[in-house]
Amino acid sequence: MLINVLLTLWFYTAHGQGKPCSYPVIKHGRLYYSYRGYFPARVHQQFVYSCDHHFVPPSQRSWDHLTCTAEGWSPEEPCLRQCIFNYLENGHTPHREEKYLQGETVRVRCYEGYSLQNDQNTMTCTESGWSPPPRCIRVKTCSKSNIRIENGFLSESTFTYPLNKQTEYKCKPGYVTADGKTSGLITCLKNGWSAQPVCIKSCDRPVFEKARVKSDGTWFRLNDRLDYECVDGYENRDGRTTGSIVCGQDGWSDKAACYVKKVKSCALPPELPNGKRKEIHKEEYAHNEVVEYACNPKFLMKGSHKIQCVDGEWTALPVCIEEERTCGNIPDLDHGDVKPSVPPYHHGDSVEFSCREAFTMIGPRFITCISGEWTQPPQCIATDQLRKCKGSILFPPEGRPAHKIEYDHNTNRSYQCRGKSERKHSICINGEWDPKVDCKEEAKIQLCPPPPQVPNACDMTTTVNYQDGEKISILCKENYLIQDAEEIVCKGGRWQSIPRCIEKIGCSQPPQLDHGTINSSSSAEERREIHEQRLYAHGTKLSYTCEEGFEISENNVIICHMGKWSSPPQCVGLPCGLPPYIQNGVISHKKDSYQYGEEVTYDCDEGFGTDGPASIRCLGGEWSRPQDCISTNCVNLPTFEDAVLTDREKDFYRSGEKVAFKCLSYYQLDGSNTIQCIKSKWIGRPACRDVSCGNPPQVENAIIHNQKSRYQSDERARYECIGNYDLFGEMEVVCLNGTWTEPPQCKDSQGKCGPPPPIDNGYITSLLKSVYPTGSIVEYRCQAYYELRGNRNVVCRNGEWSQLPKCLEACTVSEETMRKHHIQLRWKHDKKIYSKTEDTIEFMCRYGYRELTPKHTFRATCREGKVVYPRCG
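Using mature numbering (1 follows the signal peptide of the UniProt record, and there is no 0), the letters of the sequence shown correspond one by one to residues -16 to -1, 1 to 857.
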């Protein structure tokens, strides 16, 4: 029978049927019949199963097949939870019962004011049922009585609001919300209303009479202050040109009105250092009269170039600062020359061009150096190549239509637009009219108001309006730096490109330079500060010097700019000449010069070597110190207590040469048996380990034959029991690498058992011994597919073993036997099925046959390897 079982397992494997499946444990389900005798089952076998209440197969049928596959049982989850949705507490129930499988989700609708647990709107079918349960619970609401709005009210008539509901509130006339609106929104949240609405007193923007306001706001809060200034020639009731009004409970505190005032004239305008006035000098200047200034060459104007007489006082002067930037070479002019001039060319310097004979100049004759850049130079065009300008229908006729006439370069023509009394003039410049001939209504050029006061910039107090295109250069106060463009430009009635004046940021410690230090010609106290933690002002310049053997790679100066140092230079090592000579050593591939950091390596003569690195490096004009080439032979061979030389000793050994040793008696080699000569030094030692044993362990009631004080590895010692004592265990112990094996015992043999008897189709799990002391236990096991009956453990008591177990034979059912009886397995066809004793096997008649034996015989029981088959005919 055992041979049949093994052959069957071999058959499955050899024919690629895969690993058989063990008996399935179905969670929330069971097989229709136990089938335990049919397992393990082979691949593709199927078994009928059903699921517990509330659980169904994935097919949702009342039963289904469980199939053995190469990967295991399929389906992996035979039974899934089936959830019924037929009622929703406090919510909308479906019209008819709905069924969902484990893992599926359904969306539900609760009544208003109710929600599923945790504000969910879906339920999921899980192994334990619906999650969350089908029950809608009341959610938080907000009441109109829970909120009071001072100077406002809720605009809706509803009294109760559900969670997340928004509602509008309105402010009373004369009051607004925090963002200036007449109404706002609040939301009902879990903890009540989202916020306490606020309606605050407000004032609308007032109407100003002969005054300008300094704010763009359209509404103002309670106690807000609104500053204004009077237009030129006007003052308020307090006799001032500026004032303020405050928003109160009853509106604005005063009327923002200005009235005509009496003004004073000004004396001579002040002198401008490094500049001059453009106007003719007068003894007295009227109120609002303007004076213009210009800086001398090499100086750049910062601030407005105009000052104004305001009620007897002049507004602030501009500043002329020296412009360090100069202009480079004068640009070349094709077919033209420049009048002789001597560089350098500073800010404000001009040079004059002229064209050669037969060429005409187009553009300005002079170019000017402005902040290090030349203005646009003119062009010299061949006179006979100058383009003519086409006439215009706007020109008066000259015998023939003017628009059919062409005009030479530099021709001046006048014309008059319809409905206008004044005449316009235009000049032909190389084929283009300047200005363009046009009668379109010109857009009114808007003036710019007085320039804005840039924060942290020098004051500009003028009240003069500026023409389109005029520029003002901004000057920041001390310790402030201008950002963006340095000039503001009047364009379309507004000032463009307004810069910022930001505070200058100092720098921390300057960057360290390899092989370099910061150069300072200051006092010892200041030099010490350089190495201490300190802050360097914006614009600070520091220079570096290099150590001996190094030179600076570029500009040695760094500059602090807004908290950051400019990129530092590098100290580059100087090259080296020929490497130094050493005795018994040479250098291959010599060169005349070597770069900093370059290495060369010495090759020592045979029998010589260096006691350290054989390379030297170029270190800024000098070589590092080389190692000497010394003899590398070894002498004086070392001796060892546990090993001896295998060959004859020599007078000396060359570097790299190895010498072999062998271990003495009682020692064993445990690693290398050689030492090596490395550059005049012996490296290593023979690895000999003592593997001998001392006296064998003493055993009570025993003697040792031919006992010695020391034993070599693998030597044995034999024990013999004395008197009436028996030996238990091995009679010999062995010396194994310095350790004795386990010794035997000499005990009284009375009441002992002999070897345990064998059983059919079974075996003992432990090694057999000749004698077992009383109380000893041995374990029996059965061969595969045999069932053990009785206690698997037997005990030695007073020289006898307790009752032995039995191994009951398994039953085998084959296709051949069932074919002869015209029967088959009730639930599944199979060629060979192994069943244990007492297992039940169910049969049924094949199609077309009827039962010949009683009904109960079709449920056969396996009894000690035999089964009685039913018959069909």
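Each residue gets a CB set at the ideal place from its N, CA and C atoms; glycine is no exception.
Keep in mind the model is a prediction, meaning the values are calculated, not measured.
TODO: Starting from the N-terminal side, write out each stretch of the alpha helix (DSSP H) that is 4 residues or longer and does not extend beyond the segment 585 to 615.
DONE: Runs of the alpha helix (DSSP H) inside the segment 585 to 615: none found.
Open item on the list: Suppose the cutoff is 8 Å on Cβ atoms and the five residues either side in sequence are ignored; what does the same chain contact list for R609 look like?
Closed with: In the sequence shown, residue 609 corresponds to position 625, counting from 1. Contacts found: I600.
Open item on the list: I believe residue 895 touches Y399 by the beta-carbon criterion, under 8 Å. Please report the beta-carbon distance rounded to the nearest angstrom.
Closed with: With the chain covering only -16 through 857, there is no way to say anything about residue 895.
TODO: Give a yes or no on whether the C-beta atoms belonging to A794 and Y764 are separated by under 8 Å.
DONE: Working through the sequence shown from its first residue, we reach residue 794 at position 810. Working through the sequence shown from its first residue, we reach residue 764 at position 780. Between A794 and Y764, the CB-CB gap reaches or exceeds 8 Å.
- [ ] Please classify K790: does DSSP put it in a helix, a strand, or coil?
- [x] Looking up residue 790 in the sequence shown gives position 806. It is a strand residue.
TODO: Below 7 Å CB to CB, which residues in the same chain sit around G176 once its five sequence neighbours on both sides are set aside?
DONE: The residue you call residue 176 lines up with position 192 of the sequence shown. Counting only residues of its own chain and dropping the five nearest sequence neighbours on each side, G176 has a CB closer than 7 Å to the CB of C126, N130.
- [ ] Look at R340 and G320 and say whether their C-beta atoms are less than 8 Å apart.
- [x] Here the question's residue 340 lines up with position 356 in the sequence shown. Here the question's residue 320 lines up with position 336 in the sequence shown. With contacts defined as CB atoms closer than 8 Å, R340 and G320 qualify as a contacting pair.
Task: Environment of H840 [buried if 16+ CB atoms lie within 10 Å] - done: In the sequence shown, counting from the first residue as 1, residue 840 sits at position 856. Exposed, since its Cβ has fewer than 16 Cβ neighbours within 10 Å.
Open item on the list: Determine whether the beta carbon atoms of P552 and L497 lie at a separation below 8 Å.
Closed with: Here residue 552 refers to the residue found at position 568 of the sequence shown. Here residue 497 refers to the residue found at position 513 of the sequence shown. Contact flag set, yes.
- [ ] Give the straight-line distance between the Cα atoms of I264 and A366, rounded to the nearest whole angstrom.
- [x] Stepping through the sequence shown from its first residue, residue 264 is reached at position 280. Stepping through the sequence shown from its first residue, residue 366 is reached at position 382. The alpha-carbon atoms of I264 and A366 are separated by roughly 42 Å.
Open item on the list: DSSP three-state label for S129, please.
Closed with: As a first step, residue 129 is located in the sequence shown; it is residue number 145 there, counting from the start. It is helical.
- [ ] Tell me whether Y695 sits in a helix, a strand or coil according to DSSP, three-state version.
- [x] In the sequence shown, the residue the question calls residue 695 occupies position 711. In the structure shown, Y695 sits in a strand (DSSP, three-state: E or B).
TODO: Grab me the residues of F192's own chain with a C-beta within less than 7 Å of its C-beta, minus the 5 sequence neighbours each way, in chain order.
DONE: Against the sequence shown, residue 192 aligns to sequence position 208. Cβ neighbours of F192 beyond the five flanking positions: Y212, A240.
Task: Backbone secondary structure at residue 859 - three-state DSSP - done: Coverage of the chain is limited to positions -16 through 857, which leaves residue 859 absent and any answer about it impossible.
Open item on the list: If you reduce the DSSP assignment to three classes, tell me which class A342 lands in.
Closed with: For the purposes of this step, residue 342 is identified with residue 358 of the sequence shown, where counting begins at 1. Three-state result, A342: coil.
TODO: Let me know the secondary structure DSSP gives F143 once reduced to three states.
DONE: Stepping through the sequence shown from its first residue, residue 143 is reached at position 159. Coil.
Task: R810 (DSSP reduced to helix, strand or coil) - done: Walking along the sequence shown from the start, residue 810 turns up at place 826. Coil at R810, not helix or strand.
Open item on the list: Measuring only the C-alpha atoms, how far is E308 from K282?
Closed with: One-based indexing of the sequence shown puts residue 308 at position 324. One-based indexing of the sequence shown puts residue 282 at position 298. Rounded to whole angstroms, E308 to K282 spans 8 Å at the Cα level.
- [ ] In the DSSP assignment, find the unbroken beta strand (DSSP E) run with R484 in it and report its ends.
- [x] In the sequence shown, counting from the first residue as 1, residue 484 sits at position 500. Per DSSP, R484 belongs to the beta strand (DSSP E) from 484 to 487.
Task: Supposed close pair I807, P854 - CB separation, criterion 8 Å - done: Stepping through the sequence shown from its first residue, residue 807 is reached at position 823. Stepping through the sequence shown from its first residue, residue 854 is reached at position 870. Confirmed, about 6 Å.
- [ ] Have a look at I514 and C555 and give me their C-alpha separation to the nearest angstrom.
- [x] Stepping through the sequence shown from its first residue, residue 514 is reached at position 530. Stepping through the sequence shown from its first residue, residue 555 is reached at position 571. Confidence at I514 is low in this model, with a pLDDT of 49, below 50, so its placement is unreliable and no value can be given for it.
Open item on the list: Just to confirm my understanding: we take E848, look at its own chain, exclude 5 residues before and 5 after, and list those with CB closer than 7 Å. What are they?
Closed with: For the purposes of this step, residue 848 is taken as the residue at position 864 of the sequence shown. The residues are L792, E793, T821.
- [ ] Just tell me which of I687, Q86, R93 has its CA closest to the CA of E61.
- [x] Residue mapping note: residue 61 aligns to position 77 of the sequence shown, counting from 1. Nearest of I687, Q86, R93 to E61, Cα basis: Q86.
Task: Straight-line Cα distance separating M828 from V32 - done: As a first step, residue 32 must be located in the sequence shown, where it is residue number 48. As a first step, residue 828 must be located in the sequence shown, where it is residue number 844. Between V32 and M828, the C-alpha separation is close to 16 Å.
Task: Among T630, Y153, A270, K286, nearest to R132 - alpha-carbon criterion - done: To locate residue 132, count along the sequence shown from 1; it is residue 148. From the listed residues T630, Y153, A270, K286, the smallest Cα separation to R132 is found for Y153.
Task: Bridge partner(s) assigned by DSSP for A25 - done: By one-based count along the sequence shown, residue 25 stands at place 41. Answer is C5, bridged to A25.
Open item on the list: At 3 residues or longer, what runs of the beta strand (DSSP E) sit wholly inside the segment 365 to 402?
Closed with: 396 to 400, all fully within the segment 365 to 402.
- [ ] Determine the contact status of C766 and G21, defining contact as a CB-CB distance below 8 Å.
- [x] Within the sequence shown, numbered from 1, the residue matching residue 766 stands at position 782. Within the sequence shown, numbered from 1, the residue matching residue 21 stands at position 37. The answer is no: Cβ separation not under 8 Å.
Open item on the list: Counting C-beta neighbours from all protein chains within 10 Å, is the total for S457 16 or more, i.e. buried, or is it exposed?
Closed with: Position 473 of the sequence shown, counted from the first residue, corresponds to residue 457. When all chains shown are included, S457 counts as buried.
Open item on the list: My output table needs one value for T841: the three-state DSSP class, helix, strand or coil.
Closed with: As a position in the sequence shown, residue 841 is number 857, starting the count at 1. If DSSP states are grouped into helix, strand and coil, T841 belongs with the helices.
Task: Buried/exposed call for R397, threshold 16 Cβ in 10 Å - done: Reading the sequence shown from its first residue, position 413 is the one you call residue 397. Counting Cβ neighbours within 10 Å, R397 comes out buried, since at least 16 surround it.
Open item on the list: Within 8 Å of any Cβ in chain B, is that where the Cβ of G332 sits?
Closed with: Although the question refers to chain B, the structure presented lacks it and comprises just one protein chain.
Open item on the list: Measuring straight from C-alpha to C-alpha, what distance separates R221 and C242?
Closed with: Against the sequence shown, residue 221 aligns to sequence position 237. Against the sequence shown, residue 242 aligns to sequence position 258. Using only the alpha carbons, I get a separation of about 7 Å.
TODO: Mind listing, in chain order, the continuous beta strand (DSSP E) runs of no fewer than 3 residues lying wholly within the segment 185 to 214?
DONE: Counting only runs of 3 or more, we get 195 to 197, 203 to 205, 209 to 214.
Open item on the list: Across the segment 516 to 535 and the segment 468 to 485, are there enough close Cβ pairs to call them in contact, namely three or more that are closer than 8 Å?
Closed with: No, because fewer than three Cβ pairs between the segment 516 to 535 and the segment 468 to 485 fall closer than 8 Å, the two stretches do not touch.
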